[in-house]
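Peer 1:
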Amino acid sequence: MFDKDSVDWGQARILLAAALLVIVPFLAIFIASHVGDADLRKTIYTGAVTLLFTGLFGGAVKLTIDAAAETARKREADATFVANILSDLKSVYDRVARARVLIGCA
Numbered sequence: 012m013f014d015k016d017s018v019d020w021g022q023a024r025i026l027l028a029a030a031l032l033v034i035v036p037f038l039a040i041f042i043a044s045h046v047g048d049a050d051l052r053k054t055i056y057t058g059a060v061t062l063l064f065t066g067l068f069g070g071a072v073k074l075t076i077d078a079a080a081e082t083a084r085k086r087e088a089d090a091t092f093v094a095n096i097l098s099d100l101k102s103v104y105d106r107v108a109r110a111r112v113l114i115g116c117a
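This is how it looks when you write it as structure tokens:
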């Protein structure tokens, strides 16, 4: 079976959503082809196509927003790292300057 630690649940959810996004509209189209009422069939076709394209568009927008958020998070982490390095460097510089003053007084 599956090892709980080896399964990437984020990827599994995306695959499940993609499968449902494809299966549900095609199931609706199949059911609509067996419906006798023309208006109902047209409504089901319209709903299925709308669901399919809205899901695809929404998924693409979500992936784009997630990528932008990840990039922003990485930039923030990099900026924090640089700020910490500069703070450490300033602290060392201040200690060396204080040591120069103290050595000069002795």
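Residue numbers (this note's numbering): 12 to 117. Glycine included, C-beta positions come from ideal geometry on N, C-alpha and C.
1. Look up D48 in the DSSP assignment and say whether it is helix, strand or coil.
2. Quick check on DSSP: helix, strand or coil for D19?
3. Alpha carbon to alpha carbon, how far is D19 from L26?
4. So does A23 have its beta carbon nearer than 6 Å to some heavy atom of the ligand HEM?
5. Rounded to a whole number of angstroms, what is the C-alpha to C-alpha distance between F92 and A79?
6. With a cut-off of 8 Å, do at least 3 Cβ pairs link the stretch 58-72 to the stretch 28-42?
7. With distances taken between CB atoms, is the gap from I55 to A71 smaller than 7 Å?
8. Do you know offhand how far L74's Cα is from V107's?
9. From D99 to D105, what distance separates their C-alpha atoms?
Peer 2: So, from the listed chains and residues:
1. coil
2. coil
3. About 11 Å.
4. This structure does not include the ligand HEM; it has no bound ligands of any sort.
5. Taking the straight line joining both Cα atoms gives about 20 Å.
6. yes
7. no
8. 50 Å
9. 10 Å
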